[in-house]
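Undergrad: Please see the structure below; I have some questions.
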Amino acid sequence: MELIDYSFCSKPFIYTIVSWLAFFIIRLFKYKLRFVGIFRKPTNIQFHTLDIAVDKEVTVKFLSSDSSNVNLITKLGKAIPEYVPCDIIDDASTLSMYWQNHAKLTIKHRLSGEYDVYEFDWMAIDQSKLEDHVMMAEGGHWYGSGHVFLQPWPLEKWYYNLGAFITKESFPFKSNYGELLEKSWISSSGVALHVDFDVPLFVSTNFDYDRTIRLVSSYHSPYRNVSSAAAAATGSGSDVGNVKKNRTFLKYTIIQTGGDARDAFFALREEKLILLPTAVPDESMFRRPIWSTWAQHKKNITQDKVLEFAAEIRSNGFGAAQLEIDDDWTPHYGDWEFDRKKFPCPKVMVDTLKEMGYRVMLWVHPFASPQSKSFWEGLKIDKHVWVTWRHLGIPALVSWWNGYGALLDVTNPVAVRWFTNKLRELIDKYGITSFKMDAGEAARISTFMTTKVPMENPNSYTKRFAELTHSLDETNRAQELRVGAGSQHLPLFYRLQDKDSNWGNFNGIKTVIPHVLTQGLLGYPFVLPDMIGGNAYSLFWGSSYPEKELFIRWVQVNAFLPSMQFSIVPWQYDYETVSICRKMCDLHQMYTDKIINLAKEATQTGAPIVRPLWWIARTDEVALTISTEFLLGDDLLVAPVLDSGARSRDVYLPSGTWRDGISKNQLEGGRWYRCYPAELDQLPYFLKI
């Protein structure tokens, strides 16, 4: 009998056969899914005011109450393969959509007064990315989001490819979001969009000029070192050191008001998606100018220069809320003590300044040079005083504009207490009034770094830094900072990013009004518009002072804003400049009571102090798009000159009757006034009667 040779059935051969069989089974399964998905009958669902079409993609139309208009369109599940079928379960208040082995979406509806509120809650099953597109209906406009370098108004005047939605320094030629952000948008069609704080969000805005906000959730960098509250609540995810491997989720709310942008703003407020400030900051910061050493002197400050600076302010007839001693007053960055070579008698200096009528603020940041005493002192107190490298447990040195330094771990109560005590010692020892807080952006913490307490989102660093700032002076509230994320409730002045001394939209004078308007709509009414005339940067080194005309027009832009801040001094130009600047400061002071009353109103209703024209002209297309005028309250319109050499400008007045604040002439609104006169010493403003 002949024996059969089974040697070909070796283990490698069997493994190969099994592998090929598994491959073909998987491919057949995918082709089955593709076949089912492609030939699945399209489905249409009516869910309250939503018209949902389920085909190769899911399209949701937000209809008006009478179904005559489409206010918003969303395309859901853009990251899910088209061939994966979608199963739907619908009841009165909840719509559940399930993509087999990929993701689940729950849409919940509720009525809030006259508003329809829809909560979209995605949870990935085997999906590393979730993506939805939110598209404005034709003719509508978007507002909100946050600061960017080339600040647009409205948002569709700007385009931006997909980027992490975390606070970061704004720089030219870099596509990133800026120092103050909120995951909130409102539209002129009365729709509001808000994404939950802890979502690992990437956003693209109008990138294809299609009025689309693209929302992507993914735990890719810079979200690798965060711990999601959603994952904690569902029990998904596993901890590895400071890193939480989370199941991807995307949660957001869309509110359909049936009204306009103002209705959408107040809907966010009523849903507590925009928080009310709990109090008003120090009133003297509204009434009198703040003076800073930065733009005028940069790092070249000494005790003598500070006293000379203060004396010049007084001798030229200007008031002052406070004087800020800016960068380079310490021996090393992070040592919260005066450099005695530059400031030999700091207590005498502060006492002298107080006798002259000044309160004194000091510039502070969360960095510490390895050369500083504080760096080593912090290590002795707690190894987590500073943000550390994840697996090494030693302080991480982060890059900032003055080199490299350790970064304060604001999640560690021990570190916060130690840091704030250091600053309070300056108050007790020298009589310092408060602090100008700088930095605090989330982007400084890389995915290779760790904090004492895992953060739910990188923006948690910014939020905690703002809370630290508030804790330094909860009574007088005379401090300021430049970052914000989820911190609208804190009664602080939020400073605009450093402005460049130019006429244009390249972070120059024409971006001031869009920045202020955007900040107000995001729930930050107490705006400090940074240095009048810009920061006088010259390729980031040395100084390049703005021309006289630019400086004068800049002070006019600031005259009706909540606070005025000088550093470049008017008297370095000529007497005319000094005279015009004094006139603008007097004008500001004349309306300070109105500004403070509006600030108090903001704590009750959330309404911004500085408002867009559409606030009182809700459907006026010019009012919806104009970026060179603003309202102080509802009845004072400001139209500053923003172009070099101009002695007039086109002024648009919304409907109603207005009185020219200079000539006292009465004008009818709802129209343009072309070439409206505005000499160098004139700021066009109009009072509604």
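Be aware that the sequence shown starts at 1, since it is given in full-length UniProt numbering, and climbs by one per residue.
The C-beta atom is built at its ideal place from N, Cα and C for all residues, glycine as well.
#1: Quick check on residue 336: does DSSP put it in helix, strand or coil?
#2: How about residue 616 and residue 654: are their beta carbons less than 7 Å apart?
#3: Mind checking who residue 481 pairs with in its DSSP beta bridge?
#4: So, is residue 364 buried or exposed, given that buried needs 16 or more other C-beta atoms within 10 angstroms?
#5: Counting along the chain, where does the alpha helix (DSSP H) carrying residue 554 start and finish?
#6: Who are the Cβ neighbours of residue 559 in its own chain at under 7 Å, not counting the five residues just before and after it?
#7: Whose CA, out of 626, 139 and 199, lies closest to the CA of residue 189?
#8: Do residue 290 and residue 697 come within 7 Å of each other at the CB atom, strictly closer than that value?
#9: Apart from the five residues on each side of it in sequence, which residues of its chain come closer than 8 Å, Cβ to Cβ, to residue 690?
#10: How many angstroms separate the CA atom of residue 472 from the CA atom of residue 424?
#11: Grab me the residues of residue 307's own chain with a C-beta within less than 8 Å of its C-beta, minus the 5 sequence neighbours each way, in chain order.
#12: Would you decide whether residue 461 is buried or exposed? Buried here means 16 or more other CB atoms lie within 10 Å of its CB.
#13: Can you look up residue 436 in the DSSP assignment and give me helix, strand or coil?
#14: So the beta strand (DSSP E) residue 86 belongs to, where does it begin and stop?
#15: Pairing CB atoms from the stretch 648-666 with CB atoms from the stretch 511-524, are three or more of them under 8 Å?
#16: Does the Cβ of residue 391 have 16 or more other Cβ atoms within 10 Å, making it buried, or fewer, making it exposed?
#17: So, is residue 304 buried or exposed, given that buried needs 16 or more other C-beta atoms within 10 angstroms?
#18: Which residue comes first and which comes last in the beta strand (DSSP E) that contains residue 686?
#19: Quick check for students: name the residue ranges of the alpha helix (DSSP H) that lie wholly in the stretch 267-312, counting only runs of 4 or more.
#20: Which of helix, strand or coil does DSSP assign to residue 42?
#21: Quick one: is residue 590 buried, meaning 16 or more other Cβ sit within 10 Å of its Cβ, or exposed?
#22: Report the option in 477, 470 and 476 whose CA atom is closest to the CA atom of residue 484.
#23: Does the CB of residue 166 have a neighbour CB from chain D at under 7 Å?
#24: With a floor of 3 residues, list each beta strand (DSSP E) that falls wholly inside the stretch 331-415, ordered by position along the chain.
#25: Pick helix, strand or coil for residue 453, following the three-state DSSP scheme.
#26: Could you please give me the residues that DSSP links to residue 672 through a beta bridge?
#27: Assign residue 329 to one of three DSSP states: helix, strand, or coil.
#28: Would you say residue 267 and residue 143 are within 7 Å of each other, going by their C-beta atoms?
#29: So for residue 524, helix, strand or coil by DSSP?
#30: Mapping the DSSP letters down to three states, classify residue 207 as helix, strand or coil.
#31: Mark residue 412 as exposed unless 16 or more other C-beta atoms lie within 10 angstroms of its C-beta, in which case mark it buried.
TA: Taking the definition as stated:
#1: For the purposes of this step, residue 336 is taken as the residue at position 336 of the sequence shown. Here residue 336 sits in coil by DSSP.
#2: Walking along the sequence shown from the start, residue 616 turns up at place 616. Walking along the sequence shown from the start, residue 654 turns up at place 654. Yes, they are a contact pair.
#3: To locate residue 481, count along the sequence shown from 1; it is residue 481. Beta-bridge pairing links residue 481 to 494.
#4: Locating residue 364 in the sequence shown gives position 364, where the first residue counts as 1. Buried, by the Cβ-count rule.
#5: Working through the sequence shown from its first residue, we reach residue 554 at position 554. From DSSP, the alpha helix (DSSP H) with residue 554 extends over 548-558.
#6: As a position in the sequence shown, residue 559 is number 559, starting the count at 1. Apart from the 5 residues on each side of it in sequence, residue 559 sits with its Cβ closer than 7 Å to the Cβ of 584, 587, 588 and 683 in its chain, given in chain order.
#7: For the purposes of this step, residue 189 is taken as residue 189 along the sequence shown, with counting starting at 1. When only C-alpha atoms are compared, the closest one is 139.
#8: In the structure as shown, the chain begins at 1 and stops at 689. Residue 697 is therefore absent and cannot be evaluated.
#9: No answer is possible for residue 690: the residues shown for the chain start at 1 and end at 689.
#10: Within the sequence shown, numbered from 1, the residue matching residue 472 stands at position 472. Within the sequence shown, numbered from 1, the residue matching residue 424 stands at position 424. Rounded to whole angstroms, residue 472 to residue 424 spans 7 Å at the Cα level.
#11: Within the sequence shown, residue 307 is the residue found at index 307, counting from 1. Hits under 8 Å: 349, 352 and 353.
#12: Residue numbering aside, residue 461 sits at position 461 when the sequence shown is read from its first letter. Flag for residue 461 reads buried.
#13: The count along the sequence shown starts at 1 and reaches residue 436 at position 436. Under the three-state reduction of DSSP, residue 436 is assigned to strand.
#14: The residue labelled residue 86 in the question sits at position 86 within the sequence shown. Residues 86-90.
#15: no
#16: Position 391 of the sequence shown, counted from the start, is the residue given in the question as residue 391. With fewer than 16 other Cβ atoms within 10 Å, it is exposed.
#17: Stepping through the sequence shown from its first residue, residue 304 is reached at position 304. Label assigned to residue 304: exposed.
#18: The count along the sequence shown starts at 1 and reaches residue 686 at position 686. Counting along the chain, the beta strand (DSSP E) containing residue 686 begins and ends at 685-688.
#19: If we require 4 residues or more, the alpha helix (DSSP H) runs fully inside the stretch 267-312 come out as 284-287 and 294-297.
#20: Stepping through the sequence shown from its first residue, residue 42 is reached at position 42. Coil.
#21: On the sequence shown, position 590 is the one that residue 590 refers to. Result: exposed.
#22: Along the sequence shown, one-based indexing puts residue 484 at 484. Checked all of 477, 470 and 476; the closest Cα to residue 484 is 470.
#23: Judged by its chain identifiers, the structure shown contains no chain D, having just a single protein chain.
#24: 360-364, 397-400 and 403-407
#25: Locating residue 453 in the sequence shown gives position 453, counting from the first residue. The answer is coil: DSSP assigns residue 453 none of H, G, I, E or B.
#26: Sequence index remark: in the sequence shown, residue 672 carries index 672 (1-based). Answer is 652.
#27: As a working mapping, residue 329 is identified with position 329 in the sequence shown. Here residue 329 sits in coil by DSSP.
#28: To locate residue 267, count along the sequence shown from 1; it is residue 267. To locate residue 143, count along the sequence shown from 1; it is residue 143. No, these two residues do not count as a Cβ contact at 7 Å.
#29: Looking up residue 524 in the sequence shown gives position 524. Reduced to three states, the DSSP call for residue 524 is coil.
#30: On the sequence shown, residue 207 is found 207 positions in, with the first residue counted as 1. In the structure shown, residue 207 sits in coil (DSSP, three-state: anything other than H, G, I, E or B).
#31: Translated into positions along the sequence shown, residue 412 becomes position 412. Under this definition residue 412 is a buried residue.
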